[in-house]
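Data first, discussion second: the structure below is written as structure tokens.
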């Protein structure tokens, strides 16, 4: 007698909403897609695969990757990715959104120091720019500060968007976010910058060290003395020189950061949260979903990468293990026993992943989801990206 | 008894690409060292409270909490104790200030003027100096400080490979910025410890192309900065239920359906066509992945660092799993 069992696995998303990736990519109103999530979940591959799929469906796409590793470069078969978008060779665009031109794909990798330098150079007089670029505090800030990447990612996104609007170069920007220590860093960048620039600390640094005593409140004096004691007078002087020289640029920075934040909140933007079917990654994803809704950011859905492929046949893990044990008793090297153990592992993993996903769904039923089965091999070329894109869009190999 | 392969090391720094399980490996290493009778401090610095989750305890404060005991030795020797510490930059800053400066009222003023927020979030590298400074303090601690617990070993669950050299070496940059004064002295001592034979930076990877590549890049970068590379821990290795001969047969398509069907029947299952095809399909997937793993394993072998392997725990990692992994690290000589 055959029993009917409820199947659990990547393809059976009972009750949950499915993310329609192609509809998102084809919608001409989608102007920016931001991929976020914790490290190691395949953000870079996902961004590249989405960008390629959109381009091949007729969009004019640029993908901005922020990861310092050469992963996207490797994934897209491009050796040099610098701070300027470059065309990706080998894109085959069949679709056409305006009936005349096919799609295209450019890619770039963020060079945070260069982006920072360029902003300084474009905003200050050459003389002042030089002064800033050589300040030791600036050098440290622009190359080592763990949050600079996030600030500069926002800056670059704003720039590319403005250029694309002006020159009609791109109609879709896909952004890969930095592997932040916390999911918040990317979204917090503008706000943090603003609060810092408005803060009393800047005013303190802008107060000349030996200025007229009347502008120095008692608090200022105490803090300056404490800082001198801790940092040494010279570091404090470097910082003051930097802030003084940078003062006129701050306003522009803040304004653009605010504009980018608004751009992210706008209708044309879609956030995709990327996760792996692991407790940590899904916890981080849930955190991100909460945070995006708190900031009224348009969340398009969740992409669960690297799902274990659905096993075939209806044999449970327990049945497979029991049979494997019986076989091993007769023949310790039984090949079929090995196959059954593999099957048992796979069933267990698929069940575990399904449990994790349904927990997420229970807490966030409004978030559409797509599940991407893991490929057996690594993705390192356009064909691999195409395959990932197809799986993401729900196409299943027949 | 110290680690067999790293007997001189007191500070074990564990890094790895995101998603490779460096926190799991850090925790297992701490338990493994404790199972060798050492008293261990396990530190985390990224604000994730991963230790609390793995050991199933309340979220950790900025204080050293006893969280586990190592397994008894083969002759019944008592296992060492694992303490855990969650280091956050702000608490580290206050501790640092109170340890070295008598600020009194000025301390509150620093906070009010946003200096604390500036130092812990925006100031270049200061955050990292505060975090590594605390690790340094815990490692260098000795019996003269009566109030504090002393440890035989400290395990640091560090930031990922992409940020590890700046994280550990950023002291250098700050020292460059602060060419003199109190911070330079502090940063110099920290760097000296990190570069000494008492420190080892272990890298966690999985047998996939990009993590292995990142590990190779990470090792090169660490060596370039004079930081001592420890071992490479290959994590989440697939179970080897098929031996080499089986894999060859599967890849060559030489496993007949009939043979599998007959065996299934013997094992008490119905060897119908669906099941047989399914199992063979899964076997081909597995064979392909195993081949890729072998390629990557060969590359890991060329990295000029001792390697250790840990299996994939199919049901996920719980406390029992950590002890199991700890035992494996101990058997292989890392712990």
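Chains as they are written, first to last, in this note's numbering: chain A, 5 to 402; chain B, 405 to 739.
For glycine and all other residues, C-beta sits at the position ideal for the given N, C-alpha and C.
It should be emphasised that the depicted structure is a prediction, and the values quoted were computed from it without experimental measurement.
Residue i, DSSP secondary structure in three states
i                      : result
residue 459 of chain B : coil
residue 454 of chain B : helix
residue 396 of chain A : helix
residue 336 of chain A : coil
residue 414 of chain B : coil
residue 291 of chain A : helix
residue 419 of chain B : strand
residue 635 of chain B : strand
residue 219 of chain A : Note on residue 219 of chain A: pLDDT 49, under 50, position unreliable in the model; no value is reported.
residue 5 of chain A   : With a pLDDT of 46 at residue 5 of chain A, under the threshold of 50, the modelled position of that residue is not reliable, and the figure given next carries that caveat. Of the three classes helix, strand and coil, the one that applies to residue 5 of chain A here is coil, per DSSP.
residue 275 of chain A : strand
residue 64 of chain A  : strand
residue 37 of chain A  : strand
residue 142 of chain A : helix
residue 485 of chain B : strand
residue 676 of chain B : coil
residue 519 of chain B : helix
residue 229 of chain A : helix
residue 597 of chain B : helix
residue 109 of chain A : strand
residue 606 of chain B : strand
residue 69 of chain A  : strand
residue 507 of chain B : coil
residue 17 of chain A  : Note that residue 17 of chain A scores 48 on pLDDT, short of 50, meaning its location in the model is unreliable and no value can be drawn from it.
residue 714 of chain B : strand
residue 473 of chain B : strand
residue 179 of chain A : strand
residue 309 of chain A : strand
residue 103 of chain A : Because the pLDDT at residue 103 of chain A is just 47, under 50, the model does not fix this residue reliably, and the value given afterwards should be weighed accordingly. DSSP places residue 103 of chain A in coil when its eight states are reduced to three.
residue 361 of chain A : helix
residue 122 of chain A : helix
residue 690 of chain B : helix
residue 2 of chain A   : Nothing can be reported for residue 2 of chain A: it is not among the residues displayed for chain A, which extend from 5 to 402.
Pick from the options that is closest to residue i, judged by C-alpha positions
i                      : options                    : result
residue 588 of chain B : A:29, A:235, A:380         : A:235
residue 283 of chain A : A:127, A:340, A:356, A:331 : A:356
residue 694 of chain B : B:651, B:507, B:503, B:714 : B:651
residue 660 of chain B : B:677, B:672, B:671, B:647 : B:677
residue 255 of chain A : A:127, A:325, A:349, A:294 : A:127
residue 138 of chain A : A:269, A:121, A:281, A:400 : A:121
residue 68 of chain A  : A:181, A:170, A:106        : A:181
residue 279 of chain A : A:365, A:37, A:47          : A:47
residue 425 of chain B : B:607, B:617, B:734, B:410 : B:607
residue 726 of chain B : B:486, B:567, B:539        : B:486
residue 509 of chain B : A:227, A:40, A:42, A:307   : A:227
residue 458 of chain B : B:475, B:498, B:488        : B:488
residue 745 of chain B : A:38, A:224, A:285, A:336  : As displayed, chain B neither begins before 405 nor continues past 739, which places residue 745 of chain B out of reach and without an answer.
Within 8 Å, strictly: CB atoms of residue i and residue j
i                      : j                      : result
residue 205 of chain A : residue 518 of chain B : yes
residue 97 of chain A  : residue 55 of chain A  : no
residue 605 of chain B : residue 636 of chain B : no
residue 313 of chain A : residue 377 of chain A : yes
residue 331 of chain A : residue 667 of chain B : yes
residue 416 of chain B : residue 557 of chain B : yes
residue 178 of chain A : residue 65 of chain A  : yes
residue 305 of chain A : residue 23 of chain A  : yes
residue 156 of chain A : residue 119 of chain A : yes
residue 34 of chain A  : residue 274 of chain A : yes
residue 77 of chain A  : residue 112 of chain A : no
residue 697 of chain B : residue 642 of chain B : yes
residue 233 of chain A : residue 505 of chain B : yes
Short CB-CB distance (under 8 Å) between residue i and chain C
i                      : result
residue 542 of chain B : The structure shown has no chain C; the protein chains it does contain are A and B.
message: With three or more beta-carbon pairs closer than 8 Å as the criterion, would you say the stretch 416 to 426 of chain B touches the stretch 234 to 250 of chain A?
response: no
message: Taking contact to mean 3 or more Cβ pairs, one atom from each stretch, closer than 8 Å, check whether the stretch 379 to 399 of chain A and the stretch 341 to 351 of chain A are in contact.
response: no
- prompt: Do the stretch 360 to 375 of chain A and the stretch 707 to 719 of chain B meet, that is, are 3 or more Cβ pairs less than 8 Å apart?
  reply: They do not touch, by the three-pair rule.
message: Check whether the stretch 124 to 138 of chain A and the stretch 156 to 171 of chain A touch, using three or more Cβ-Cβ pairs below 8 Å as the test.
response: no
message: Any contact between the stretch 259 to 267 of chain A and the stretch 19 to 29 of chain A? By contact I mean 3 or more CB pairs, one from each, below 8 Å.
response: Counting C-beta pairs closer than 8 Å gives fewer than three between the stretch 259 to 267 of chain A and the stretch 19 to 29 of chain A, which falls short of the contact rule.
query: Along the stretch 376 to 396 of chain A, what residues have a CB closer than 7 Å to any CB found in chain B?
result: So the list reads 380, 381, 382, 384, given in the order they occur along the chain.
- request: Check whether the stretch 613 to 628 of chain B touches the stretch 429 to 445 of chain B, counting contact only when three or more Cβ pairs, one atom from each stretch, lie closer than 8 Å.
  value: Counting C-beta pairs closer than 8 Å gives fewer than three between the stretch 613 to 628 of chain B and the stretch 429 to 445 of chain B, which falls short of the contact rule.
Within 8 Å of chain B by C-beta, residues of the stretch 39 to 51 of chain A in sequence order: Listed by position, the residues of the stretch 39 to 51 of chain A near chain B (Cβ gap below 8 Å) are 42, 43, 44, 45.
field: Meets three-Cβ-pair contact criterion under 8 Å: the stretch 389 to 398 of chain A and the stretch 39 to 58 of chain A
entry: yes
message: With three or more beta-carbon pairs closer than 8 Å as the criterion, would you say the stretch 670 to 690 of chain B touches the stretch 589 to 600 of chain B?
response: Pairwise C-beta distances place the stretch 670 to 690 of chain B out of contact with the stretch 589 to 600 of chain B, as fewer than three of them are shorter than 8 Å.
query: What residues from the stretch 424 to 458 of chain B come within 7 Å of chain A, judged by C-beta to C-beta, listed N to C?
result: Within the stretch 424 to 458 of chain B, the qualifying residues are 424, 450, 451.
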